[in-house]
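Data block below; observations after.
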Amino acid sequence: MISYREVRRDDTPLIADLCLLLQDSVARGASVGFLHPLRLHTAAEYWHGTLRTLGRMQRMWVAQHGTRTVGTVQLVLCERENARHRGEVQKLLVLAGYRRRGIASRLLDQVDACADAEARTLLVLDTAAGSPAERLYQARGWARAGAIPDFAREPAGGLTPTVLYYRRREGAA
Numbered sequence: 001m002i003s004y005r006e007v008r009r010d011d012t013p014l015i016a017d018l019c020l021l022l023q024d025s026v027a028r029g030a031s032v033g034f035l036h037p038l039r040l041h042t043a044a045e046y047w048h049g050t051l052r053t054l055g056r057m058q059r060m061w062v063a064q065h066g067t068r069t070v071g072t073v074q075l076v077l078c079e080r081e082n083a084r085h086r087g088e089v090q091k092l093l094v095l096a097g098y099r100r101r102g103i104a105s106r107l108l109d110q111v112d113a114c115a116d117a118e119a120r121t122l123l124v125l126d127t128a129a130g131s132p133a134e135r136l137y138q139a140r141g142w143a144r145a146g147a148i149p150d151f152a153r154e155p156a157g158g159l160t161p162t163v164l165y166y167r168r169r170e171g172a173a
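Just so you know, we're using full-length UniProt numbering here: the sequence shown kicks off at 1 and counts up by one.
What follows is the structure, given as structure tokens:
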């Protein structure tokens, strides 16, 4: 059974699993800010830094199978005075062996619940054009805003466009 929970700053025991999750995602072509091969040290630095920034304005959830972390997602709540109605979804990752089981959708449910609680009526994200993630976002009602060519280097080294998505949340508190 998969369980879901919010991550706290002191959840450093999760870092080993989070590193494996990030390495797995990059090795399988996910455009999440890192190139293949992703060194363990680089992944660990990223996750330590991420945990340090967690708080009211940056949130993170994990999906766990027993004690093993098999998925994660982040939500950064915009702090600017004219943008406190929006948030940005980042690093939605699921281990390859656990994909296509609804875990990514359940992680996005965690994001939605937080967006509701924080009265965020607009969520945004970006993903590599043509990625499997695009199908997930479209199936969940995200709208494609457009694409930026040659936006990021793929884990294998070539350039890829990124696609911007948004979702209005009219029912948010």
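Here a beta-carbon is modelled for each residue, glycine too, at the ideal position from N, C-alpha and C. All values derive from a computational prediction rather than experimental measurement.
The beta-bridge partner set that DSSP reports for residue 165 consists of 125, 144. Counting only runs that start and end inside the segment 85 to 134, the alpha helix (DSSP H) elements of at least 4 residues fall at 103 to 117. For the pair of segments examined, the segment 41 to 50 was found not to touch the segment 93 to 100: the number of CB pairs separated by less than 8 Å stays below three. About 33 Å separates the beta carbon of residue 65 from that of residue 121, a gap too long to meet the 8 Å contact definition. Distance from the Cα of residue 116 is smallest, within the candidate group 127, 145, 169, for 169.
Its chain contains 127 as the residues whose beta carbon lies nearer than 6 Å to that of residue 133, once the 5 sequence neighbours on both sides are disregarded; these appear in chain order.
Assignment of beta-bridge partners to residue 65 by DSSP yields 2, 68.
The shortest CA-to-CA distance from residue 50 to any of 145, 165, 156, 11 is the one to 11. Residue state for residue 17 is assigned as helix, using DSSP reduced to three classes.
By alpha-carbon distance to residue 28, the top candidate from 154, 18, 106, 137 is 154.
Less than 8 Å separates the beta-carbon of residue 91 from that of residue 72. Only residues of its own chain outside the window of five on either side were considered, and among them 165 have a CB closer than 6 Å to the CB of residue 137, listed in chain order. Collapsing the DSSP output to three states places residue 152 in a strand. Contact check between the segment 2 to 17 and the segment 55 to 65: three or more CB pairs, one atom from each, fall below 8 Å, which counts as touching.
Shown here for residue 114: same chain residues with a beta carbon closer than 6 Å to its own, the five before and five after excluded, namely 59, 75 in chain order. Within the model, the alpha-carbon separation for residue 139 versus residue 106 is close to 13 Å. Within the same chain, and ignoring the five residues on either side of residue 142 in sequence, the residues whose Cβ sits closer than 6 Å to its Cβ are 165, 167.
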